[in-house]
Amino acid sequence: MGKTLRVLIAANSAEITHQIITRLKRAGFSLNFTCVKDRQDFKYVIRRERWDVIIVDHDLSDIGGFYALELMQRLRIDRPIIFLSDSINEAILLDALIKGATGFISKKDISPLISAVWNETRYAQALNDQLLLENEMKLNERFLQEVFNTVQEGICVLDNHLNILKVNSWIRKTFSADKMINGKKCYQIFRNSESCCSECDCSQTLKSGQIYREDFSVVHDSENVRWYDMVSYPLKNSDGKVIGVIQSIRDITRRKLAEQETFKLNQELEQRVAVRTAQLAVANKELESFSYSVSHDLRAPLVRIDGFSQLLIDNFSDKIDDEARHYLQRIRSSVLQMSQLIDDLLLLSRVTRSVMKRTEVDLSSLAKQITDSLQESDPQRQVQFAIKDGVKVNGDLGLLRLALENLINNAWKFTQKTNQAKIEIGLLNGGPDQVVFIRDNGAGFDKQHSNKLFSPFQRLHSEKDFPGNGIGLATVQRIIHRHGGKIWAEGQLNQGATFYFTLHNNEKTS
């Protein structure tokens, strides 16, 4: 029958006690029983254990059923009690049942005892299970209430008329510390309004059963403005019908203030950018004016100096000696160098200001064109070129041609004194960016001075050994930077140099 049945028997008849125990065991009950015969023992034993059933001989002069009932009521012991008696009449039976007896059985035939015990123990077990369930439900409810109140955001339950049914501690603390909330309309508590919101998300949730979200602000204490994020969830019954709304509310004042500050900073930044853009436009206009001046006003005297020097050589050659003729040639050479420098400066200016038009550029094809042109210009030179096929990038064709010309011309110039000169154009393997390199085995450079390579007018070799004005690499750097890339160089003196550059393949122009 499962667990052991704890039975207290109050009887002075050994025969009756034996019958009770025998019948219960035959019925399959596993027993833990105690027998008493007087009030003192009964009073002591009944408090010692939690009995499943108590069987009392009502005819027992010292105890009796009514004494047992009175004692149990006084001690607040609520257990099933069954009376046994030789004589049963309606008055005694009714009185016993009224006072709390759960059964009344004749000693002449105690066979009904089994069903009575079975019913009472089953009822007691059911009652005990119900009490345990109720206790568990109360514990769960208390736990849920604690969670409900511990959550660091607001939770509010509304009925289908927007009346507040339940809120947690966060809501009370934030919106209504000294006001009644339950039964009020949500807009009265959250919006300080006596009328429903014009575009009420809660009403939309009630109508559609969908989740809605909105931000709103509330003025607390006259000046304290707080922002809140509210999400409305449908509350449905077991049939799926929407019967209310569960609202989740978070304080987002910090986020809103940060957004407002970001918006303000962006506006200030846009204003500063507009001012800088206007200043840049003025500077560009001045630069264009300067470029025009350089191109025309400064070049004109150079042309005249060169022309007069040539006239002196042509018309007065018989009147000047060799030393004077040498000085005139040096003047003309300096004029030519100055003219080239002006051209390079103008080119550097145009590189900085020109509008970029991005397209796919085949660097391999460009390199082949440039190297072919160099070999045609000086067919006596023996230079081995190695150009990797299929090197394609996204960029401005004109600017990239100019950059590649400067880099390859640079390698061509610095290998002119090298036996078995070699110039290589290729790609580095690995890495997220495509790295193009131009490598030569020429004069190289002292790596201690590599920071000067891309500065205008900076030279690492003498003009006598390798003529130039120091503008070419500065031009290359500006072109690469305009493409969003970077350029750097590695080399050793008399062991060659390698120039590397990357380009960002985006579609922006600058």
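So the sequence shown is residues 43 to 552, counted in the numbering used here.
Cβ coordinates follow ideal geometry from the N, Cα and C atoms, glycine included.
- Separation of K464 and Q382 (C-alpha to C-alpha, rounded to the nearest whole angstrom) is 28 Å.
- D120 counts as exposed, since fewer than 16 other beta carbons sit within 10 angstroms of its beta carbon.
- V435 sits away from V393, with the two beta carbons spaced by 9 Å or more.
- With fewer than 16 other beta carbons inside 10 angstroms of its own, V317 counts as exposed.
- For E447, the uninterrupted alpha helix (DSSP H) run begins and ends at 439-456, by DSSP.
- The residue among H203, I197, Y229 with its C-alpha nearest the C-alpha of R214 is I197.
- Assignment of K464 by DSSP, reduced to helix, strand and coil, places it in the strand class.
- Between I124 and L102, the CB-CB gap reaches or exceeds 9 Å.
- Under the DSSP assignment, N266 falls outside any alpha helix (DSSP H), being part of the beta strand (DSSP E) whose first and last residues are 266-278.
- DSSP places A539 in the strand class (E or B) of the three-state scheme.
- V377 and D356 do not touch by the CB rule: their CB atoms are close to 16 Å apart, not below 8 Å.
- If you ignore the 5 residues before and after E466, its C-beta comes within less than 6 Å of the C-beta of A428, R481, all in its own chain and listed in chain order.
- Residue range 196-201 is occupied by the beta strand (DSSP E) that includes C198.
- Contact between the stretch 407-419 and the stretch 446-463 is present, with at least three C-beta pairs closer than 8 Å.
- In the three-state DSSP reduction, A320 falls in the helix class (H, G or I).
- Bridge pairing for Q302: absent [DSSP].
- In this structure, A445 keeps its C-beta atom at 9 Å or more from the C-beta atom of I384.
- With a beta-carbon spacing of about 12 Å, R367 and Q352 fall beyond the 8 Å limit used to define contacts.
- In the structure shown, S218 falls within a coil segment according to DSSP collapsed to helix, strand and coil.
- Following the DSSP letters along the chain, one finds T401 inside the beta strand (DSSP E) bounded by residues 400-404.
- With a threshold of 16 other beta carbon atoms within 10 Å, L322 falls short and is exposed.
- Rounded to the nearest whole angstrom, the CA to CA distance from F190 to W212 is 9 Å.
- Separation of V433 and L405 (C-alpha to C-alpha, rounded to the nearest whole angstrom) is 5 Å.
- Under DSSP, V425 forms a beta bridge with A463.
- The DSSP assignment places complete alpha helix (DSSP H) segments of no fewer than 4 residues inside the stretch 57-94 at 81-87, in order along the chain.
- In the DSSP assignment, the residues bridged to Q289 are C198, S274.
- Residue pairing for R48: DSSP places it in a beta bridge opposite N74.
- Here P343 is exposed. Its C-beta has fewer than 16 other C-beta atoms within 10 Å.
- Within its own chain, the residues whose Cβ lies closer than 6 Å to the Cβ of I253, once the five positions on either side in sequence are excluded, are Y275, listed in chain order.
- Here the stretch 112-119 lies against the stretch 83-97, with 3 or more beta-carbon pairs under 8 Å apart.
- Of the residues assessed, L311 falls on the exposed side of the cut-off, its CB having fewer than 16 other CB atoms within 10 angstroms.
- DSSP places I362 outside both helix and strand once states are collapsed to three, so it counts as coil.
- In the structure shown, N436 falls within a strand segment according to DSSP collapsed to helix, strand and coil.
- A check of alpha carbon separations from I513 across L388, V159, I206, E301 identifies L388 as the nearest.
- Looking at the DSSP output, L136 bridges to nothing.
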